[in-house]
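Residue numbers for the sequence shown follow this note's numbering, beginning at 598 and rising by one.
Note that beta-carbon positions come from the ideal geometry of N, C-alpha and C, so glycine has one too.
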Amino acid sequence: MKCEKCGHENEASSLFCQSCGNPIRSLEKWETQETEAAVPGKTDSLGSESKNGHPRKNKGVIIAIAAVVGVLLIAGGVFGFLNAQKVNAINSGLKNGEDLLAVQNYTEALVAFDGVLKLDPNNAEALLGKAKAYAGADNYKMANTFFEEALLKEKNKEKLKTIFDGYIASEIKAGASETDIFALLDRATEVTGDSKYEVQKSDYAVKTPSFNLNPGTYQGEQSLEIIKADPNDRIFYTTDGASPTSSSTEYKEPIALTKGEKTIKAIAVNAGGFSSKIIEGKYIINDIPTTTGGAESEGTESGGGTATGWDYTSFSLYASSTLPDMAGISYDVGNVMDGSNNTAWVEGVAGDGVGEYVQFVYNGTVALTIHGVAIKTGYVKTATSFAENGSVRGLVMYVNTSPVANMMLERIRDEQVVSISPTTINPGDSVVFVIDSVVPGPADGDHDTAITEIRLF
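Laid out in structure tokens, this is it:
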């Protein structure tokens, strides 16, 4: 018999469509016909008399009881038959829905699962099927609704695990936060009693990478590195402000930041395919300004205008500590403005020198505007001296007591240029550089941190 709803050809005895579960025969009519067939006609024998002239009462009672029992048996048979038909229709609808999910036909899958729910509104498998169909169609709000409904209806712990597995996969696909995913994992552990969900946290928790340069404005081309928090992760990034995915450009080498503005976004992806939170940095690269005013030769005081590279006699230099001279080599703070790669200031406290500083007191006669800082961090004289001393990673610049810039430096021997918002200093003002973090040298057994040059421009 053909279903009027979906057109599926069913067996003649079917009461429900084996494909969609829609009723295809009138249950009331079928029951009536079967009952009438079982009781073929009325008889007057109940009221007739026996051969000896007495009413046949006993025989009539027996016949009545037999008729009632027959009707009950027929009704029971009908009920059993109908129930079997219903179960078959439900199972057929569930299978049909799962087959449609497998080929990503989410619209028809929803129809199939809806057919099951018409027959059994509390069917957790059909509710789960609808949740997976909505998740497949990227409708995560509706998916979550039906995942929650399925969890409410299901009591079997093994089947609850199946629902939670689908729910977790949907949330990951939806890009849910690590906090939300961890909360769902905790809930799955509590409801099912299975510790596997607690273990899975390490699979989903991907450490966030970092940039070697703070976002901001720089002068001159910069080299941006994306640093992995876990060496086994892969990094993917974008340079146009779009959100990165595992299909974005994979990070293989430092990104050249040339003149202009770029917004870099990046993620780490672990071996399981799970992503970290997105990191973002906006970088503005300007040309290095041409210095004006004053001279660049040693011993000449600067006039008004912009600070110049080697004009260190305009400043009195101080340091919070200094490593004592060794083998005739001086590590005095004056080395940071002598224009030489052969000398360096080295802090003199125990440890890596975090919190130590150098201070430049401006002795000029007119106001001076600073646009940026060029720094050679570490002892860059030779590869050996560089390896034997630590270099500054984080450096905070103050004018008097006001912070002006928070710089992140690479461990390289080249000069690194950092631009700042134009800052004017007056005679008597102090420019202070405080070590905020350090990268030890590979052969830095004494934990000494050095700065070779600091040039203001």
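Going by beta-carbon coordinates alone, are residue i and residue j separated by less than 7 Å?
i, j, result
"Thr855", "Glu822", "no"
"Asn960", "Gly975", "no"
"Leu782", "Tyr794", "yes"
"Leu707", "Ile760", "no"
"Val955", "Ser918", "no"
"Ser988", "Val1036", "yes"
"Phe744", "Val803", "no"
"Phe957", "Met994", "no"
"Lys879", "Pro806", "no"
"Thr814", "Ile881", "yes"
"Phe1054", "His968", "yes"
"Glu1028", "Val996", "As written in the sequence, residue 1028 is Val, which differs from the Glu given in the question. Cβ distance < 7 Å, so Val1028 and Val996 count as in contact."
"Glu953", "Ile1032", "yes"
Compare the C-alpha of residue i against each of the options and name the closest.
i, options, result
"Lys738", "Ser873, Leu707 and Ala771", "Ala771"
"Asp949", "Tyr880, Ile1048, Ala980 and Met934", "Ile1048"
"Lys683", "Ile662, Ala699 and Leu714", "Leu714"
"Glu850", "Asp837, Ala839 and Arg831", "Arg831"
"Ala740", "Leu748, Lys750, Ala728 and Glu746", "Ala728"
"Thr1067", "Thr786, Lys862 and Lys825", "Since the first residue of the chain shown is 598 and the last is 1054, residue 1067 is not available in this structure."
"Asp929", "Gly936, Asn938 and Glu944", "Glu944"
"His1044", "Leu920, Ala780, Asn932 and Glu722", "Leu920"
"Glu755", "Ser774, Val977 and Ala785", "Ala785"
"Thr979", "Ser1027, Asp1011 and Ile1051", "Asp1011"
"Ser845", "His968, Glu787, Ala865 and Ser1027", "Ala865"
"Tyr703", "Ala826, Asn736 and Thr836", "Asn736"
"Asn809", "Glu877, Ser873 and Gln797", "Glu877"
"Leu914", "Asn753, Asn720, Ser774 and Gly1025", "Gly1025"
"Ala826", "Glu787, Glu722 and Ser873", "Ser873"
"Asp1041", "Val796, Thr981, Asn688 and Asn1003", "Thr981"
"Leu748", "Asn720, Ala766, Thr966 and Ser774", "Asn720"
"Asp1055", "Lys750, Gln797, Met1004 and Glu847", "The requested residue 1055 does not occur in the structure, where the chain is confined to residues 598 to 1054."
"Thr836", "Asn829, Glu847 and Pro828", "Glu847"
Apart from the five residues on each side of it in sequence, which residues of its chain come closer than 6 Å, Cβ to Cβ, to residue i?
i, result
"Ala964", "Thr1021 and Asn1023"
"Asp800", "Gly869"
"Leu624", "Confidence in Leu624 is poor, its pLDDT being 45 and thus under 50, which makes the residue's placement unreliable; the coordinate value appears in the next sentence. Same-chain partners within the cutoff: there are none."
"Ala634", "For Ala634, the predicted structure reports a pLDDT of 47, less than 50, and the residue's modelled location is therefore unreliable. A value from the coordinates is still provided. Nothing meets the Cβ criterion."
"Asn932", "Thr940, Ala941 and Trp942"
"Thr860", "Gly838 and Lys879"
"Arg1008", "Ser988 and Val1036"
"Pro886", "Note that Pro886 has pLDDT 44, beneath the 50 cutoff, so the model's placement of it is unreliable and the number below is only indicative. Only His968 meet the Cβ criterion."
"Tyr731", "Met739 and Ala740"
"Ile1056", "Here the chain has residues from 598 to 1054 only, and residue 1056 is not among them."
"Ser722", "Checking the sequence shown, residue 722 turns out to be Glu, not Ser. Only Leu691 meet the Cβ criterion."
"Glu705", "Leu697"
"Ala766", "none"
"Thr1046", "Glu944, Asp949, Gly950, Gly987 and Val1035"
Which same chain residues end up closer than 7 Å to residue i when comparing Cβ atoms and leaving out the 5 residues on each side of it in sequence?
i, result
"Gln701", "Gly733"
"Ala709", "Cys617, Gly690, Asn693, Gly694 and Leu697"
"Ala853", "Glu818 and Ser820"
"Lys758", "Thr789 and Asp791"
"Gly857", "Ile882"
"Phe983", "Gly975, Tyr976, Val977, Arg1010 and Gly1038"
"Ser840", "Lys862 and Ile875"
"Phe779", "Lys798"
Name the one or two DSSP bridge partners that residue i has.
i, result
"Val989", "Val1035"
"Glu953", "Note: Glu953 sits in no beta bridge, so no partner."
"Leu821", "Ile852"
"Ala1047", "Val943"
"Tyr815", "Ile882"
"Glu847", "Phe833"
"Glu606", "Lys599"
"Val803", "Answer is none; Val803 lacks a bridge partner."
"Pro1024", "Looking at the DSSP assignment, Pro1024 forms no beta bridge with any residue, so it has no partner."
"Val700", "For Val700, which the question treats as bridged, DSSP gives no partner whatsoever."
"Asn1003", "Val993"
"Ser927", "For Ser927, which the question treats as bridged, DSSP gives no partner whatsoever."
"Ser913", "Val958"
Please work out which residues of its chain come closer than 8 Å, Cβ to Cβ, to residue i, disregarding the five sequence neighbours upstream and downstream, and give them in chain order.
i, result
"Ser1034", "Val951, Val989, Arg990 and Gly991"
"Asp777", "Glu768"
"Asn619", "Cys600, Glu601, Lys602, Cys603, Phe613, Gly712 and Lys715"
"Gly638", "With a pLDDT of only 49 at Gly638, under 50, the local geometry of the prediction cannot be trusted, and no value is derived from it."
"Asn938", "Lys973, Val977, Lys978, Thr1049 and Glu1050"
"Gly901", "Any reading at Gly901 must be qualified, since the residue scores a pLDDT of 35, below 50, and its modelled position is unreliable; the value itself is stated next. Cβ neighbours of Gly901 beyond the five flanking positions: Gly890, Val963, Ala964 and Leu965."
"Ser927", "Thr940"
### Task
May I have a chain-ordered list of the alpha helix (DSSP H) segments no shorter than 4 residues that lie completely inside the region 748-791?
754-770 and 775-789
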